Amino acid sequence: MFDRIAGRYDLLNRLLSAGTDVRWRRACVDLLELRGPARLLDLATGTADLLVEALRRDAGHRGIGVDLSEQMLRRGAAKLRRRGLESRAGLAAGDAESLPLPSASFDAATIGFGIRNVGDQSAALAELRRVLRPGGRVVVLEFSVPPGWRGELYRRYFHRILPRIGALVSGDAAAYSYLPASVECFPAPEAFAALMERAGFIAVRWRLLTGGIACLHRGERPA
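Here you go:
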């Protein structure tokens, strides 16, 4: 599915969120609270937007983006080249549930709008913990459903308007019908935080963004 929509993925992210996704990615990297050069992993990197945001914070940062979609990775590689970042970052095809990466090899990790697409989210979180160095941090950025009346308005937009725009621009109606369904099925923030704790993360906390449309989750591998 993601191979099919890769060509219009960035455009639709900007369009459907009215540019808010850019601010969300900035907030995600902010929450890592990186101090000095770091080795970074961006899981489900897609077209590498989040990896680019992290790398631009410090010229000493180095990173790897991992994704299952070859077409997304191709566009991510082109983006890294356009921004002069190809010498500081690599991209690799890989499964979030079984990462082709050595243990304890990253100072920090991110995953933006990807964890809900993983079949076994507990396995993916366990893999993130494994590849982080002791004391390393992970931040998960994911869609959420706002509480109360905002949630009702959001559902109307998500189920009635967003799929039509997505289908019109991308030519793939199925992909943008899948999006609202996958968000509705994703655990509530409290439940996902508990999932992170069961995977072995400590100091887990979460914060809603833009009235609850998205949520940031942070955890640490014990030192």
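Reminder that position 36 of the sequence shown reads as 36 in my numbering, one-by-one numbering, no gaps.
Where is the CB? At the ideal position from N, CA and C, for every residue including glycine.
Predicted, not measured: the structure shown is a model, and the values here were computed from it.
Looking only at T47, V29 and E127, the smallest Cα-Cα distance to R198 is reached by E127.
Residues of the same chain with a CB within less than 7 angstroms of the CB of R83, apart from the 5 flanking positions on each side, are V52 in chain order.
Taking C-beta atoms as the reference points, G65 and A78 fail to come closer than 7 angstroms. Membership of R129 in the alpha helix (DSSP H) is indicated by the continuous run Q121 to V131. Within the DSSP bridge table, the entry for E220 names R137 and I202 as partners.
Scanning G200, A124, S144 and A223 for the CA closest to the CA of A188 turns up S144. Below 8 angstroms, enough C-beta pairs join the region 56-65 and the region 20-40 to call them touching: three or more. Taking every protein chain shown into account, the CB of P134 has fewer than 16 other CB atoms within 10 angstroms, so this residue is exposed. Counting along the chain, the unbroken alpha helix (DSSP H) around R82 starts and ends at E70 to R82.
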